[in-house]
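Residue numbers (this note's numbering), protein chains in the order written: chain A, 52 to 666; chain B, 93 to 801; chain C, 1179 to 1409; chain D, 11 to 170.
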Amino acid sequence: MEIVRTPGQLEKLRRSLSKERDPNQPCVTVCGGTGCRAYGSERVLEAFQVEKKAQTNRVNLRMTGCHGFCERGPLVVIQPRGIFYPGVKVEDVPQIISKTVEKGDIIDSLLYVDPTTGQKITYESEVPFYKKQGRLLLDMNGQIDPTSITDYIALGGYGSLSKVLSQMTPEEVIDEVARAKLRGRGGAGFPTGLKWRLTREAPGETKYLVCNADEGDPGAYMDRSIMEGNPHRVLEGMIIGGYAIGADKSFVYIRKEYPLAVKHLGIAIAQARGYGLLGKDILGSGFDFDVEIRLGAGAFVCGEETALMASIEGRTGEPRPRPPYPSQEGLWGKPTNINNVKSWANVPLIIEKGADWYVQMGTEGSKGTAIFSVVGKINNTGLVEVPMGATLCQIIFDIGGGIPKGKEFKAVQIGGPSGGCISKEYLDTPIDYESLTELGAMMGSGGMVICDEDTCMVDLARYFMTFVQEESCGKCVPCRVGTKAMLETLTRITKGEGQGSDIDYLLELAEAVKSSSLCGLGQTAPNPILSTLRYFREEYEAHIYDKSCPAKVCRDLITYEVLADLCTGCVVCARNCPTGAITGERCAPHIINQALCVRCGLCKGLCNFDAISVS
Amino acid sequence: MKDNLKIGLFICDCGGEIASYLDTEALVMAAEQLPQVALSQRMPYLCSRRDLMKLQEAIRGAGLNHIVVAGCTPRTHEALLRSACREAGLNGHLLEMVNIREGCAWVHSADGERAMAKALDLLKAGVARASLSEPYEGVKVQITPSALVIGGGVAGMTAALALAKRGIAVKLVEKEHHLGGLLRNLHALYPKEQRASELLKCQIEELREEPNVEILLGAQVSEVTGPVGNYRVVVTSGGAERAFQVGAIIVATGAQVQKPFGLFRYGTSKVITQLELESLLAKGDLQAEQVVMILCAGSSDENTYPSALCSLTALKQALLIKRTHPKVRLTLLFRDLYLKGDNPEADIRKAKELGVEFIQYGPEAEPRVTAEGVEVYDLLTKQKANLPYDLLILATPLIPQEDVTVLANRLKIPLDSHGFFPDVRLRLRPHGYIERAIYVCGAAHYPSDLRETTFQALSAAARAFNFLKQKQIISEGAMAAVDAALCTGCGSCVEICPFQAINLRPKDGLLSISVVEPTLCKGCGLCLPACPVKAISLQGDSDPQLTAQIQAILSSEESKDRPLILGLFCEWSAYAVAELAGARHLQYPPNLRIISLRCAGRIDPYHILWAFLNGADGVLIGGCLPGKCHYVRGNQQAEGRVAKLNDALAARGFEIERVRLQWFQPDNPSAFVEEISNFVAQIEALGPRVTQDRRSQDGAAEKRSLGAR
Amino acid sequence: MIHLTIDNQEIEVEEGTTILEAAQEKGIFIPTLCYHEALEPYAACRLCAVELEGKRGSRLVASCAYPCEEGAVIHTDSEMVRRSRRITVELLMASSEHLPLVKALAAQLGVAEPRFRLPPDDCILCGLCVRACRDIVGIAAISLLNRGMEKRIGPPFEIASNACIECGTCVLICPTGALKLEDITKEEKAIHRWGSPFDRRPCHICGDHDLEPHLSLGPHSILGEQTSGEE
Amino acid sequence: MADFSAKEVDDILNGQRDGTESSLILILGEIQERYHYLPRDALILVSQWLGIPLSQVYSIATFYNAFSLKRQGRHIIHVCTGTACHVRGATQVLDRFQRRLEIESGETTPDWEFTLETVNCLGACALGPITVVDGQYFGQMAASRVDKLLKEFGMERERA
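In structure tokens form, the structure reads like this:
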């Protein structure tokens, strides 16, 4: 690999690379996202390699980034036709090679079955989950090997960079991004172009640039899969940003919990340096830029920009008051521009296709696409990328495939700990920054947790409160003590010890914490409570006044019982009960001793005859 | 007295911490009356950003050329205030701090009126001193980016390697003809029972391959001179001498095992030390059925120390023996078990499972060893046991090397009561202290096991590394200077200087005069009293300043504070502990007026006379405990001078009880308060000094003659 | 010069002045806990929050850290401000009701009883001692430990600090008297709250240097009747 | 898991030639990787070599979740308590682990075999509830699968 010195050389390289990638050459792509790996996709890939040798087949193998449809991993797609086999096991591999690859036959038994219609689907593009999405940032994930810069370049990667460096002034770049109305994908939605301009215009020679990849929000993992699946696009975006802002040094602040993303990013940086796309005099433009990785050591608060900077500087992640804003005084007191992974990844696209093309997508206020990780009580768990303005209904039912086991949809929690719950009345609202905020939720990181009838909203609120309580840095009083107070109250309620005054107390606390906390974490911490109170007040009241949990979740308000008529006396529950609360003769109905029962739900999980009821 | 003197006096309320005990407003008023005080101002919080700005405005605005700040101890804020002055364009040394917080407000909070009087005296003294202070720049010293490591044991090798790996050139000096030190005699190591020899082998190889390290075997450090950061070291090996420069020195001379001759029948065939057992184990010939180990052997008397090392070794050896010779009956007698590590209990349990017996004996009842067996009183079972033995192992502590004192003198660093190299008590260090860049690690420091030695070695290396990294240091401290016009070249200062900072240089052929090497001078001031013609002055702490200070601090006419007592305190011990007493708000009689000096040895007998002539009823001189002097001999000299002075005093008709030289521990404020109180009591008993009227002829004459100096 | 309105008073201040400083100039009282003249603003206690009018409605800002802006309109005693202060103080009371300082504030703002309680603690985590030790004295012997509810103040490993020079600055800056300078053992001295929990035998040689206190076992634990405190 | 060795720590530090404040967290990270906790002596060395006050090093070590000051067990169990896993019953799983191991999360069994930790979302939500043992993922966990899992990692039946 030799250094690429001019845009021309890059173009030449791209042409030669894409020639090598013969489009008709069969290629088996195995998803290598963390999800699929956990399902054993690495073993599947090995099997393919072994089989490839055994059958002396000249098929290309490629482990790609996350395809998004994590529910059905390990995913295998056979190009060029895009034949789609979900949930592939090692033993399926031989026939995939011999049949599908060799002869091009489709193996019926491996095809994906649409749970709603029940019909089999052959091609990836036709799977409803993908069909109804508008994939912008995630599109490449399925096509390239994230550990190979040539894959990325072959598909036009770093083209935008060379365009910027050869044809555009920094101001023009900023204008383009501004015209595209790109807004910070970190959640708050601050106009990216404006942020860049502020940093560029801030006095001072040295300036820094930071990519915020501290995706701390539980239930959101799109940043991770972008960095795992297409790290070079993030880098390209950052280099362009650096050029526009006038920064020559940058950091990617990424969670330690994402080892694969860290690895791929590290490889990508090394490769980019190797090709001269990072470092001194990039593409002969005289512009220097480099990227360093900094690991987040497990602190949600470090997603907050001032805390994040403190952490990069090697101090505890305590936020500081703003102003001064990072664009004025950031890392080591120098102007610093911080954007989220997705924001950076958007940049090359905007440059490549132009702002006019970009603004066609989305709503008035919010352009482009939004990525949600749709998780929880949903059929098709996975990453969903849709144009801004798509409705919740489309995401949850058309793409997400609805709620499993025919259960009733209850609510969707958007934006993680800083977001809120939205009830079914609003399923048809087109979602963008404004509409979500109006509904008491928040785009946040784009975590979308689907709740069905079995989810207790009080418990959910309590869960999030536990989370922020643990993650609060403890610097300011409202956040440190206030969240604790709210948590205590919620716990009391879920224990059935709630009092009439509790709801008002919660509202009062929430208000105060929201308005007087030091940083974003505290200011948004009450949202889960406020939103659940707004849409599900009656559930709170049920807990407080009737001492009952409608969703049958809160332990102290429920009892497990054996339905005598259904119980076959298989003694499975009795054998596994941790407290030995279940007794009974073999083949005779069992009984649960409520005095001993700790309501762990183990028995219900184990019973093959649904003979355990909760009330 | 200089003209065009514009002294600015700033009194800090310390947010009430001072103001609530002293009427700072009144002090400001009183101060305004003082001559040379151009501006007297009260500050709510001098260390706050806002007040610092006010201070700077005042300096610029009123064109002040000397600043006196009355507030807290210099230890916390002097640096801050000095830099503030510099920013305002005033040399940092034109700032004088008067400690009215720890030195007055807090320690006399019970007696407001007298505290006020004292505070005022302190202010006057500060002003008097300031009016004579001269600006001067610190001395820059370039640091030689290389290090000397003394001792080629584990500690030395580890430290050398760590530095070398970071690109520091290291000279490693070992007096033996081979590396390895104590470790060479060890068999296995705790806790992993790894072979000592192997570990040693790879470490030595690693060291030999390291280009940045030069190993000098069979060599001794025979001379260490030169300034901090630029030491000139002379090493002798086999008669040949070699000299070189180093920036920092790491002392890793290790220790030796005490041979307990005359104890527990040591010397007889059946009684050996732990170390001797090691070699037995190494050879693998251990013939014994009944083994007894005695820990803390012979350490019942006061001056010894329980050593974690003995316990660890004993435990390790017990485990080893039991593993290799399960038959052996092994009993371990101990007084205390000092254990460290992740979970030492595990090892103790292991030992017990293997059948090692543990018996604890009390300090009052040491085990008795006869030819037949060991008699011991078991604390737990409360009964005597008699253990037959055919091998008795004594755990004896590590003791310092014989030649340790020689080295200590060469390096001019003190030894502790056991002959180990202690850390400098940085905790109570005086302000403006610069480190010596001499670091101690390993058993030279205290008996430490391998794990700890390695740790210490690396930690010492780290400190050395960060010192060397600075490239150059600026020593702000006071500096001695010889007035060539007065110097007669008698050479007494050359003799007395503990740091060889003064040399005789020929002057126009015939006589030669003393010259001070500023980079070597630590500003202790020992040479000043020594000079018969008072040709030496101390920058930043000159004799005129001191005399003026003494006069002012005692000046409160017919002060209510009779008897009036002057304290001339060494800042390392007496002054440090006085401040500590302040921080603790301990109360002592306000009669005492304290002046802080670099060292007790700085005091000239005439300072004491001068004090009496100015109305002192008693003089208390505070210094470091013998052997603890930070300038090697300062405290001894003070002692000598006071002794000489006594005759002079007697001649002038003073009771010699009025002068006392007292050693102080820097970290024991209650003892300090006690001493002060009983000295005050003693003086009170003597009553106010009845001498001729102050304004009497000879008195005045005396004053003039002294003042002239 | 910058012009702004605080409680309907037109005032003029130098650029860079904080709202709190400006208010104090004008003798307008704003309660504070973590603010200190000698230190950089920390904005942690939120007691000094004031209402700042803005385009998108009013919001609360920490007056100790927020710089005066041209034309800003500020209320230091509006209902919004009082409500937030009341809650803040109530939250402080949860663990520090017994402190005179907190009592006084509560009385001032008319808060009777906290509606939720925590184990009593003298320390309100204003961080003054830590910042004073680091920024004024330049020693940094103590620091903030852990986070959230577990947050504490202490020296490394929470045993007697070797770095502490016992200047007592932390003690005198502490607004609640949570810190006391006290002897721990004859050998070691350290600040009371931060004392080593271990039973340290006076050991000339080992005692002073090693941060890891020696675990000295009594005969019982050796005979296995009880295991020592480590686990 | 390796025993602490000052020399190793020195090598880790030496690897970071541009040893600055900014690399502090990375260095602590490496030490944590090596020993699964931050030994006291290691922290002291880090502070001395980097010339950063020990208090700052210690406060960082206590602030971030990724660092532990207690020695960890041979096997480290991470139970994901992310939202997705939570709504799918991670609590029951965690519960079961705590009962069987007789420790709270964040603790280590007396025999230094298992350390139980919770983690806020590993981003593998599709598999929830998810548990990671020594870096190995176990998806669709259920309280009823806990015992089997522990057995796989050599926990004998006796306890619980």
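Just so you know, even glycine gets a beta-carbon here, dropped at the ideal spot from N, CA and C.
Per-residue burial, residue i [other beta carbons within 10 Å of its own, 16 or more giving buried]
i, result
"W59/D", "buried"
"A703/B", "buried"
"E256/A", "exposed"
"Y680/B", "buried"
"K263/B", "buried"
"Y596/A", "exposed"
"L1211/C", "buried"
"F124/D", "buried"
"Q125/B", "exposed"
Extent of the continuous alpha helix (DSSP H) to which residue i belongs
i, result
"W24/A", "In the structure as shown, chain A begins at 52 and stops at 666. Residue 24/A is therefore absent and cannot be evaluated."
"S67/A", "58-71"
"H315/A", "310-325"
"C106/B", "Premise fails: C106/B is in no alpha helix (DSSP H) and is neither H nor E."
"P480/B", "Looking at the DSSP string, P480/B is not in any alpha helix (DSSP H); the run it does join, the beta strand (DSSP E), is 475-480."
Endpoints, the beta strand (DSSP E) within which residue i is located
i, result
"I1189/C", "1187-1191"
"Y1244/C", "First-last for Y1244/C: undefined, no H or E at that position."
"N263/A", "259-264"
"D341/A", "341-347"
"T163/B", "The sequence given here has Gly at residue 163/B, not Thr. Here the beta strand (DSSP E) through G163/B covers 158-163."
"W755/B", "751-756"
"G297/A", "Unbroken run through G297/A: none, as it is neither H nor E."
"K461/A", "460-465"
Which of helix, strand or coil DSSP assigns to residue i
i, result
"M499/A", "strand"
"A576/B", "coil"
"Y698/B", "helix"
"T517/A", "helix"
"N24/D", "helix"
"P481/A", "strand"
"M385/B", "strand"
"H185/B", "helix"
"W122/D", "coil"
"R251/A", "helix"
"C472/A", "strand"
Any chain F beta carbon closer than 7 Å to residue i
i, result
"C527/A", "No chain F is part of this structure, whose protein chains are labelled A, B, C and D."
Residue i CB to nearest heavy atom of the ligand PLP below 6 Å
i, result
"Q58/D", "Of the ligands one can find in the structure shown there are none, so the ligand PLP has no counterpart to examine."
Integer Cβ distance of residue i from residue j, believed to fall under 8 Å
i, j, result
"T1254/C", "V1228/C", "5 Å"
"A94/D", "G29/D", "With a Cβ gap of about 40 Å, A94/D and G29/D do not count as contacting."
Residue i - partner residues in DSSP beta bridges
i, result
"F633/A", "Here residue 633/A is Ile; the residue named in the question, Phe, does not match the sequence. DSSP lists I643/A as partners of I633/A."
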